[in-house]
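Undergrad: Residue numbers (this note's numbering): 17 to 97.
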């Protein structure tokens, strides 16, 4: 098992120790349980701004070369290099 040292405010440390004692767990086991709950059981992370720019007719990055070529700009851009 990997050992990691974590620093936390004194108040949080007291809460962790108190909760571990209440549950009859070691502080390490309580922290493992909490981290597992937050990091592993939540599934995929939600990206709050994902999909916020969805406009009909908007060209996305994956299609920009084709869009520039269709508009005749690809040669102009290449000529300016």
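Don't be surprised by glycine CBs; every beta carbon is placed ideally from N, CA and C.
Compare the beta carbon distance of residue 30 and residue 47 with 9 Å and say whether it is the shorter of the two.
TA: As a working mapping, residue 30 is identified with position 14 in the chain shown. As a working mapping, residue 47 is identified with position 31 in the chain shown. For residue 30 and residue 47, no; Cβs fall outside 9 Å.
Undergrad: Using three-state DSSP, classify residue 37 as helix, strand or coil.
TA: Taking the first residue of the chain shown as 1, we reach residue 37 at position 21. It is helical.
Undergrad: Would you mind reading off the limits of the alpha helix (DSSP H) that contains residue 48?
TA: The residue you call residue 48 lines up with position 32 of the chain shown. Residues 43–55.
Undergrad: Which same chain residues, not among the five before or five after residue 25, have their C-beta less than 7 Å away from its C-beta?
TA: Locating residue 25 in the chain shown gives position 9, counting from the first residue. The answer is none, since no qualifying residue turns up.
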